[in-house]
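S.K.: This is the structure I have questions about; it appears just below.
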Amino acid sequence: KKEEQTNPKGPESGEGRIVRGGEWFSTVRACRSGYRGAIYPYWSQFAMGFRLAAD
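For what it's worth, the numbering used here labels the leading residue of the sequence shown as 9, then goes sequentially.
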């Protein structure tokens, strides 16, 4: 079991970040709120970060 951390720090170096959430322009696996993926500052992601709503 991993120990619980308060305000954990990321890696000392690197540019990539982990993002959570789906993409509307992707596979079924990635089209859900629990999806995790990597993104880099030099990537262009127009489909990332959508939210679904129902009324």
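Just so it is clear, CB atoms sit at the ideal spot from N, CA and C, and this is done for glycine as well.
Just how far apart, CA to CA, sit P49 and S41?
M.R.: If you take the alpha carbons of P49 and S41, they lie about 22 Å apart.
S.K.: Does the Cβ of G24 have 16 or more other Cβ atoms within 10 Å, making it buried, or fewer, making it exposed?
M.R.: With fewer than 16 Cβ atoms within 10 Å of its Cβ, G24 is classed as exposed.
S.K.: Expressed to the nearest angstrom, what Euclidean distance is found between the alpha-carbon atoms of I47 and A61?
M.R.: Roughly 25 Å separates the two Cα atoms.
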